[in-house]
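In UniProt numbering, the protein residues as written are 1 to 805. The beta-carbon is built from N, C-alpha and C at its ideal position, and this holds for glycine as well. Worksheet: one structure, shown below.
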């Protein structure tokens, strides 16, 4: 049986109007809060999947006979506490209630503190059953089913109804003080949310429309896709109304981000609300990745190795209370509370998610296949409002969540680390993969389905690995463990394979026969089938970004509800603030890049000479950006130039941005779609212009071409969905770095002849007034022609826009 992250405590139940003084708690959550003791123990043992668990429960029930009752709904009261849940099974003939737990391996390896928790759950269910059926005595049984051998280990204790009632009361009494505290907190929070005032004075243009739409989405439990210009203050304009809707409506608000900068913006907005409303009773939690929060990365997550895991559950109550008392639970404060009580900061953060009003974290906490926040929402029936920041990033992030690769080299590496008993299934898996790679006529090919022979061997290999890990009691080599997770993920995605995904095989060039190398991949193209249940589980969702046009693209690919509303927020910016120049006679396609460099440098130098200041140049690759920067240095050695490097560390990224000082001058070279293309705020004269030296189209390669065909088959708009829409989103995001406030002024140069085409211009922000510079490279006196004037570019076919990047 696998060890799970701490789940010590029930959710703060929404105080519905008809049960304002009642606190509803699940049996499992109550027992985890009151009965869990001892170490945090996350030594890996393969846990049954949800499907395996359901099947195991069904197997036990089928063995019991016709009188056996399964999944019995039970509930009971103790003061303001309403305890509810479903007992696994009741055998009326034996008068025996059963709590069924599936596991793998030696049952003796199930830790004692886990067994104590299982007994607590069973006894609480026993009391509820005695009350419901008026029973005077009841046998309580723990049934441990080994999924490998399908053997049961049954432990039985006899209890009187009085004994079970006393145990139930004891557990409830332990929890009641906390429950009353949570009821009081909820009432104070809701009252404060009703009184909450917008902290930034009058709404900016567009903010009020956005805020109204967010409030209604939360109130009425619907979905909104909101496009709002960069710089209007979207974070506060979405958080504030969602918090207002918490009163009597929402249990939780999840602010979900693609990048660290988004988390920081949300936390800053919450701090602003607190400054304007001292004593605001709002618990806000920042969730961070495990590798960022771990204090002892060289130690394993169990009490015999890590001192912060030892006695974790014993010290958790005090640490939890201390953290919640601060209300503002960012990474630093959670760490301080954890270390003050000698427990793990990361798993304290996981626990605090149950008690927080606002949770700020990465997309994966709600949208990934094993997402914690989504799982808690479903288990506890929370009414959660979703705010999805910079939602133009959702498609690529979600694709990665639901894609998986299996590398032949990884199988070989795991086989070398495997004991003798595992070599046969690993060799068999390697033979199947090697055969698929060797039989393929080219280096890359997509296939209509996952071969049945591969799927069957994946399942056999997963079973063999699971049995091995169960017998080892948590000890596992890293290559073997990594392969096990890959095999499980691959098999799971193969079972749901459909038109939303591609199964493709990539073989290393020149590799044949026994020396073949390559990877097999289930590549998600349209994450809609996986995301749709997440939207349905939310009590209102708002996705917002400066670049969400057109709506159909995002609705189709992200699985948004058909009734999802579209909001295009007008911004506070005026066309005269931003001079948009389209250089219509230069190509930045790959084949033309060498020839384009001198001309593009001339454009940048001329603009800089006319208006010195800080500029950003965005190119399609590090190589192209480097060539432009090198030519600028050679031609204009007096020009301050700095560059983004591949794999930049945080300190170097900060140094890059630090060059953009007020009153400064120079040009920074960066990659379009990289860390400096969005989420960067350089107001005033810290940035007065941008040169965008690419249309931003994804690279033309076999994978993208196959994705385009899949998009075409599904939506009838393959080129736009695969290339044009994602490319132009990056362009508009990058250009949005220039105008950040209502007093900013600046310029943007869109350098590529395809920017002059009407289909492309239609995807640019409506408030822009681009001017096409024909003969822009011929000299300083070249005339500017407004788009739409005689001689401007005509609408091309997709193939004309496409061409090779």
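### Query
Quick one: is residue 678 buried, meaning 16 or more other Cβ sit within 10 Å of its Cβ, or exposed?
Translated into positions along the chain shown, residue 678 becomes position 678. Answer is buried; the Cβ neighbour count reaches 16.
### Task
Classify residue 449 as helix, strand or coil using the three-state DSSP reduction.
Walking along the chain shown from the start, residue 449 turns up at place 449. In this structure, residue 449 counts as coil in the three-state DSSP scheme.
### Nearest-angstrom Cα separation, counted from residue 624 out to residue 746
Counting from 1 along the chain shown, the entry for residue 746 is found at position 746. Counting from 1 along the chain shown, the entry for residue 624 is found at position 624. Their backbone Cα atoms lie some 24 Å apart in a straight line.
### Query
So who's on the other strand from residue 348, going by DSSP bridges?
As a first step, residue 348 must be located in the chain shown, where it is residue number 348. Residue 348 is not bridged to any residue.
#### Entry: Continuous alpha helix (DSSP H) assignments of at least 4 residues falling wholly in the segment 391 to 432
394 to 401, 408 to 417
### Query
So, using beta-carbon positions, are residue 564 and residue 405 closer together than 7 Å?
By one-based count along the chain shown, residue 564 stands at place 564. By one-based count along the chain shown, residue 405 stands at place 405. In this structure, residue 405 does not lie closer than 7 Å to residue 564 by Cβ.
### Task
For residue 784, name the three-state secondary structure that DSSP assigns.
The residue labelled residue 784 in the question sits at position 784 within the chain shown. With a pLDDT of only 35 at residue 784, under the threshold of 50, the placement of this residue in the model should not be trusted; the figure read from the coordinates follows. DSSP places residue 784 in strand when its eight states are reduced to three.
#### Entry: Residue of 85, 108, 595, 344 minimising C-alpha distance to residue 71
One-based indexing of the chain shown puts residue 71 at position 71. It is 85 whose Cα lies nearest to the Cα of residue 71.
#### Entry: Pairwise C-alpha distance: residue 133 and residue 123
Here residue 123 refers to the residue found at position 123 when the chain shown is read from its first residue. Here residue 133 refers to the residue found at position 133 when the chain shown is read from its first residue. Taking the straight line from one Cα to the other gives about 15 Å.
### Query
Can you tell me where the alpha helix (DSSP H) with residue 334 in it begins and where it stops?
The residue you call residue 334 lines up with position 334 of the chain shown. Residue 334 -> alpha helix (DSSP H) spans 331 to 340.
### Task
Go through the segment 121 to 208 residue by residue and report every complete run of the beta strand (DSSP E) that reaches 3 residues or more, in order.
137 to 146, 152 to 160
### Task
Please classify residue 682: does DSSP put it in a helix, a strand, or coil?
Here residue 682 is taken as the residue at index 682 of the chain shown, counted from 1. Correct three-state label for residue 682: coil.
### Query
Counting only runs that start and end within the segment 285 to 315, where is the alpha helix (DSSP H) found for 4 or more residues in a row?
290 to 293
### Task
Look up residue 481 in the DSSP assignment and give the residues it is bridged to.
The sequence position of residue 481 within the chain shown is 481, counting from 1. BP columns for residue 481 are empty, so no partner.
### Message
Given this structure, state the Cα-to-Cα distance separating residue 27 from residue 402, to the nearest angstrom.
### Response
What you label residue 27 is simply residue 27 of the chain shown in a count that begins at 1. What you label residue 402 is simply residue 402 of the chain shown in a count that begins at 1. Roughly 33 Å separates the two Cα atoms.
### Message
Quick check for students: name the residue ranges of the alpha helix (DSSP H) that lie wholly in the segment 572 to 615, counting only runs of 4 or more.
### Response
593 to 610
### Message
Contact defined as beta carbons within less than 8 Å: I believe residue 614 pairs with residue 505. What is the distance between those atoms, to the nearest angstrom?
### Response
Taking the first residue of the chain shown as 1, we reach residue 614 at position 614. Taking the first residue of the chain shown as 1, we reach residue 505 at position 505. Actually they do not touch by this definition, with Cβ atoms about 47 Å apart.
### Query
Got a sec, what are the start and stop residues for the beta strand (DSSP E) residue 524 sits in?
In the chain shown, residue 524 corresponds to position 524, counting from 1. Where residue 524 is concerned, the enclosing beta strand (DSSP E) stretches over 518 to 524.
### Query
Taking all protein chains shown into account, do 16 or more other C-beta atoms lie within 10 angstroms of the C-beta of residue 329, making it buried, or fewer, making it exposed?
Mapped onto the chain shown, residue 329 falls at position 329. Buried.
### Message
Within the continuous beta strand (DSSP E) that includes residue 773, where are the two ends?
### Response
As a working mapping, residue 773 is identified with position 773 in the chain shown. 771 to 773 is the extent of the beta strand (DSSP E) around residue 773.
### Task
Helix, strand or coil for residue 362, going by three-state DSSP, please let me know.
Residue mapping note: residue 362 aligns to position 362 of the chain shown, counting from 1. Of the three classes helix, strand and coil, the one that applies to residue 362 here is strand, per DSSP.
### Query
Using the rule of at least 16 other Cβ atoms within 10 Å of the residue's Cβ for burial, across every protein chain shown, is residue 16 buried or exposed?
The sequence position of residue 16 within the chain shown is 16, counting from 1. For residue 16, the pLDDT reaches just 41, beneath the cut-off of 50, and the residue's location in the model is therefore unreliable, although a value from the coordinates is still provided. That one is exposed.
### Message
Between which residues of its own chain and residue 169 is the CB-CB distance below 8 Å, once the five residues before and five after are set aside?
### Response
On the chain shown, position 169 is the one that residue 169 refers to. Once the five neighbours on either side are set aside, the close Cβ partners of residue 169 are 78.
### Query
What is the DSSP secondary structure of residue 66, reduced to helix, strand or coil?
Taking the chain shown and counting its residues from 1, one reaches residue 66 at position 66. Residue 66: coil per DSSP, three-state reduction.
### Endpoints, the beta strand (DSSP E) within which residue 103 is located
Translated into the one-based positions of the chain shown, residue 103 becomes position 103. First-last of the beta strand (DSSP E) with residue 103: 96 to 103.
### Query
In this structure, does DSSP put residue 248 in helix, strand or coil?
If you number the chain shown from 1, residue 248 lands on position 248. If DSSP states are grouped into helix, strand and coil, residue 248 belongs with coil.
### Query
In whole angstroms, what separates the C-alpha of residue 270 from that of residue 391?
Along the chain shown, one-based indexing puts residue 270 at 270. Along the chain shown, one-based indexing puts residue 391 at 391. Whole-angstrom Cα-Cα distance: 20 Å.
#### Entry: Alpha carbon of residue 617 to alpha carbon of residue 583, nearest angstrom
Within the chain shown, the letter at position 617 stands for residue 617. Within the chain shown, the letter at position 583 stands for residue 583. When rounded, the distance between both Cα atoms is 14 Å.
### Task
Leaving out five residues on either side along the sequence, give the residues of the same chain with a beta carbon under 6 Å from the beta carbon of residue 246.
Position 246 of the chain shown, counted from the start, is the residue given in the question as residue 246. Only 193 meet the Cβ criterion.
### Task
Can you have a look at residue 760 and say buried or exposed, based on whether 16 or more other CB atoms are within 10 angstroms of its CB?
Stepping through the chain shown from its first residue, residue 760 is reached at position 760. Buried, by the Cβ-count rule.
#### Entry: Distance between beta carbons of residue 282 and residue 389, contact taken as under 8 Å
Within the chain shown, the letter at position 389 stands for residue 389. Within the chain shown, the letter at position 282 stands for residue 282. No, residue 389 and residue 282 are not in contact; Cβ-Cβ is about 19 Å, not under 8 Å.
### Task
Check whether the segment 248 to 266 touches the segment 361 to 373, taking contact to mean three or more Cβ pairs, one atom from each stretch, closer than 8 Å.
yes
### Message
So, does the segment 547 to 567 touch the segment 222 to 232, judging by three or more C-beta pairs under 8 Å?
### Response
yes
### Query
Looking only at DSSP bridge pairs, what is residue 707 linked to?
For this step, residue 707 is matched to residue 707 along the chain shown. According to DSSP, residue 707 bridges with nothing at all.
### Query
So residue 142 packs on residue 101, CB below 8 Å; how close in whole Å?
Within the chain shown, numbered from 1, the residue matching residue 142 stands at position 142. Within the chain shown, numbered from 1, the residue matching residue 101 stands at position 101. Contact flag correct, Cβ pair sits at about 7 Å.
### Task
Could you tell me if the beta carbon of residue 437 falls within a distance shorter than 6 Å of some heavy atom in the ligand FMN?
Within the structure as shown, the ligand FMN is missing, as the structure has no ligands at all.
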